[in-house]
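Peer 1: My questions all concern the structure below.
There are 2 protein chains.
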Amino acid sequence: MYQKQLRERIQRLQSVLCIGLDGVYEKLPASIKADPNPLWRFNQNLIEATHDLACCYKANFAFYIYRGEEGVTALGKTIRAAHAVDVPVILDVKWGDIGHTAEYYAKAAFEAFYADAVTLNPYMGEESIAPFRDYDDRGCYVLCFTSNASRRDLQTRKLASDTNGDSEPMYRLVADKIKKWNKNGNLGAVAGATAPEELAEIRETLGPDISILCPGVGVQGGDLEEVLFAGDARSGNLVINVSRAIINASAGADFAEAARREAEMFVDQSKTFFNQPIEDQED
Amino acid sequence: MYQKQLRERIQRLQSVLCIGLDGVYEKLPASIKADPNPLWRFNQNLIEATHDLACCYKANFAFYIYRGEEGVTALGKTIRAAHAVDVPVILDVKWGDIGHTAEYYAKAAFEAFYADAVTLNPYMGEESIAPFRDYDDRGCYVLCFTSNASRRDLQTRKLASDTNGDSEPMYRLVADKIKKWNKNGNLGAVAGATAPEELAEIRETLGPDISILCPGVGVQGGDLEEVLFAGDARSGNLVINVSRAIINASAGADFAEAARREAEMFVDQSKTFFNQPIEDQED
Chain A
0 MYQKQLRERI QRLQSVLCIG LDGVYEKLPA SIKADPNPLW RFNQNLIEAT
50 HDLACCYKAN FAFYIYRGEE GVTALGKTIR AAHAVDVPVI LDVKWGDIGH
100 TAEYYAKAAF EAFYADAVTL NPYMGEESIA PFRDYDDRGC YVLCFTSNAS
150 RRDLQTRKLA SDTNGDSEPM YRLVADKIKK WNKNGNLGAV AGATAPEELA
200 EIRETLGPDI SILCPGVGVQ GGDLEEVLFA GDARSGNLVI NVSRAIINAS
250 AGADFAEAAR REAEMFVDQS KTFFNQPIED QED
Chain B
0 MYQKQLRERI QRLQSVLCIG LDGVYEKLPA SIKADPNPLW RFNQNLIEAT
50 HDLACCYKAN FAFYIYRGEE GVTALGKTIR AAHAVDVPVI LDVKWGDIGH
100 TAEYYAKAAF EAFYADAVTL NPYMGEESIA PFRDYDDRGC YVLCFTSNAS
150 RRDLQTRKLA SDTNGDSEPM YRLVADKIKK WNKNGNLGAV AGATAPEELA
200 EIRETLGPDI SILCPGVGVQ GGDLEEVLFA GDARSGNLVI NVSRAIINAS
250 AGADFAEAAR REAEMFVDQS KTFFNQPIED QED
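Chains as they are written, first to last, in numbering that gives the first Met the number 0: chain A, 0 to 282; chain B, 0 to 282.
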């Protein structure tokens, strides 16, 4: 079961690090470009170098599907390689469609690619989440408050006051929905690292038991310590994704070693937080 | 250019019919199940039988990707076959991601699969639309008001009043955004056939020049005449998608002929509307 496996890894490795295996084909190191499937070879090397540091991996579908069949092959092999070393993989697809169609998307994620978890988009409502949720041994992270600037177009829009006169932003409604939709205990939320205040608010709404996937540390600029605190890393239900800052740490043949060094630095930094007495964090 | 080609076909064929090539692998007719790639063979037969009736085709990505590499191959071949008979294809993916990632999704849709248009999800804002919009010879339909029941979870939620005291639902904000984001004249909206009143409202907000893709006629229950009127079919900027009612008209070896008969019926029915004097429609 995904949630349990993830929590155990987080505790055992003392690591909330999710490594995003999102290599851009054109920018892969020359040393592996000669391989029949460089995307897969790149990931294989990264997994070998970092599997004892990452609580999970995340693969963003975009970086695979734009390479057509070759990318689909690379994605399948990558997930199998991660499983071979017991690391779960989040397939970052942000899918959302009508129920009939979502059934086949769920089959794609969980039966064709064997992903352990997916990311989903809430715009089309519960019906678009349900077929994924039905796989109760897998996880579903529903987009709540994303890490990008133009989230402000919709996600921060205030809704009309309810009967109590309270007016909440859109992303708060989504957090409430995630809690309500979590009938099989396998839903989580995506909340960006670039907005620690909102992340803290979302954690408060969800409570400590719902997993939060937090992208945006690294190239996107989110601050690690703030995020560990705001997302309540001590709950064991926070994972922080870092992609480019780790996988592109070196553009040369030493990319895997460089990635390991970055991952180690991240884990060391976050361990400090884990080992701090709780009262120190409240400052 | 997609929008121009589509409008010309709509006028010339007097057809607003978009056929959804969304065959479910397990349910394909036995007569083609022996083919090395049945999904592709199914579509090839459908395209041969209906290309003079459809203003465009739509392929929902779910029904391809759950078959892995085989599905990706079928999708590529399907789009090429439609192009060989000059019919544009909408790739129905409902993607939406941060800008850096959306660039690669746009490459996937437009350079790997050669789609003429895509469907996109607005939840992450303009940044997630922009890389697709940059391909100004292609089209982008942004989800506005979808055809499924659980659209009510988010899309119909009322927003807080603006400075004029007006309170609008979420989908109206999205319609406004589509109009504002339409910098290259290639954005459109998805508005479901199952809600003609909201469809009319969205058409009013967008004006007659922005293309609306309208799913939900057929199995989902939308009424054709209501939709033609509400979406202003006479503008030449409305396309109505029908998938299952056409492609599954027969489960036997005559599936393509049966699909043609259904498509003909649809086009005849909608032609009546096109040829009616405008005053008759106002009743």
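Backbone N, C-alpha and C define an ideal beta-carbon position, used for all residues, glycine too. Fair warning: this is a prediction, and the values are worked out from it, not measured in the lab.
Given that a residue counts as buried once 16 or more other Cβ atoms are within 10 Å of its Cβ, and exposed if not, what is V238 (chain B)?
Peer 2: buried
Peer 1: Would you say Y103 (chain A) reaches chain B, if we count a Cβ-Cβ gap shorter than 8 Å as a contact?
Peer 2: At least one chain B Cβ lies under 8 Å of Y103 (chain A).
Peer 1: DSSP three-state call for N240 (chain A): helix, strand or coil?
Peer 2: strand
Peer 1: Check each candidate in B:G217, B:V216, B:R233 and name the one with the smallest Cα separation from G206 (chain B).
Peer 2: B:R233
Peer 1: Could you pull the start and end residues of the beta strand (DSSP E) that K26 (chain A) belongs to?
Peer 2: No beta strand (DSSP E) holds K26 (chain A); DSSP gives it neither H nor E.
Peer 1: Please confirm whether I18 (chain A) has its beta-carbon closer than 8 Å to some beta-carbon of chain B.
Peer 2: no
Peer 1: For L212 (chain B), which option in B:S160, B:I128, B:R202 has the closest C-alpha, if you only look at C-alpha atoms?
Peer 2: B:R202
Peer 1: Beta-carbon separation of N147 (chain B) and G124 (chain A) under 8 Å?
Peer 2: Contact: yes.
Peer 1: Please report the straight-line C-alpha distance between K157 (chain B) and Y122 (chain A), rounded to a whole angstrom.
Peer 2: C-alpha separation (whole angstroms): 14 Å.
Peer 1: Hey, out of B:R11, B:L5, B:M0, B:C17, whose CA is closest to E261 (chain B)'s CA?
Peer 2: B:C17
Peer 1: Within 10 angstroms of its Cβ, does P214 (chain B) collect 16 or more other Cβ (buried), or is it exposed?
Peer 2: buried
Peer 1: My understanding is that C55 (chain A) touches V88 (chain A), with C-beta atoms under 8 Å, so please give their C-beta distance in whole angstroms.
Peer 2: 7 Å
Peer 1: Please report how far the alpha carbon of V86 (chain A) lies from the alpha carbon of Y104 (chain B), in whole angstroms.
Peer 2: 26 Å
Peer 1: Report yes or no: is there a C-beta of chain B within less than 8 Å of the C-beta of F62 (chain A)?
Peer 2: Any Cβ of chain B closer than 8 Å to the Cβ of F62 (chain A) would place that residue at the interface, and such an atom is present.
Peer 1: Of the residues B:A255, B:T193, B:N274, which one's Cα is nearest the Cα of N240 (chain B)?
Peer 2: B:T193
Peer 1: Check each residue of the segment 119-143 of chain A: if its Cβ is closer than 9 Å to any Cβ of chain B, include it; give the result in chain order.
Peer 2: N120, P121, Y122, M123, G124, E125, E126, S127, I128, A129, L142
Peer 1: Residues in the segment 182-216 of chain B with C-beta within 7 Å of chain A's C-beta atoms, listed in sequence order?
Peer 2: none
Peer 1: Can you tell which of B:E102, B:E25, B:D222 has its C-alpha closest to the C-alpha of I128 (chain B)?
Peer 2: B:E102
Peer 1: Is I18 (chain B) helix, strand or coil when you go by DSSP?
Peer 2: In the three-state DSSP reduction, I18 (chain B) falls in the strand class (E or B).
Peer 1: Under three-state DSSP, which class holds L186 (chain A)?
Peer 2: strand
Peer 1: A107 (chain A) touches chain B at which residues, Cβ-Cβ below 7 Å?
Peer 2: A61, I64, Y65
Peer 1: So, does the segment 130-141 of chain A touch the segment 18-28 of chain A, judging by three or more C-beta pairs under 8 Å?
Peer 2: no
Peer 1: For chain A, check one thing: does any of its Cβ atoms lie closer than 8 Å to the Cβ of E68 (chain B)?
Peer 2: yes
Peer 1: How would you call A83 (chain A), buried or exposed, if buried means at least 16 neighbouring beta carbons within 10 angstroms?
Peer 2: When all chains shown are included, A83 (chain A) counts as exposed.
Peer 1: When the cut-off is 8 Å and only beta carbons count, does D152 (chain A) lie next to chain B?
Peer 2: Answer yes: the Cβ-Cβ gap between D152 (chain A) and chain B drops below 8 Å somewhere.
Peer 1: Could I get the ranges of all uninterrupted alpha helix (DSSP H) runs contained in the segment 99-144 of chain B, with 4 residues as the minimum, in chain order?
Peer 2: 129-132
Peer 1: Hey, out of A:A80, A:G98, A:V173, whose CA is closest to A114 (chain A)'s CA?
Peer 2: A:A80
Peer 1: Helix, strand or coil: which one does DSSP assign to P37 (chain B)?
Peer 2: It is helical.
Peer 1: For V71 (chain A), return the contacting residues in chain B, with the cut-off set at a CB-CB distance below 7 Å.
Peer 2: G67, E68, V71
Peer 1: Between R66 (chain A) and A111 (chain B), what straight-line distance do the alpha-carbon atoms span, to the nearest angstrom?
Peer 2: 7 Å
Peer 1: For A58 (chain B), which of helix, strand or coil comes out of DSSP?
Peer 2: strand
Peer 1: Give the residues of chain D in contact with S166 (chain B), contact being defined as C-beta atoms less than 9 Å apart.
Peer 2: The structure shown has no chain D; the protein chains it does contain are A and B.
Peer 1: Helix, strand or coil for V86 (chain A) per DSSP?
Peer 2: coil
Peer 1: Any beta-carbon of chain A closer than 8 Å to the one on D96 (chain B)?
Peer 2: yes
Peer 1: At the 8 Å Cβ level, is L27 (chain A) part of the contact set with chain B, yes or no?
Peer 2: no
Peer 1: Where does M0 (chain B) land, buried or exposed, given buried means 16+ other C-beta within 10 angstroms?
Peer 2: Burial check for M0 (chain B): the Cβ neighbour count within 10 Å stays below 16, so the residue is exposed.
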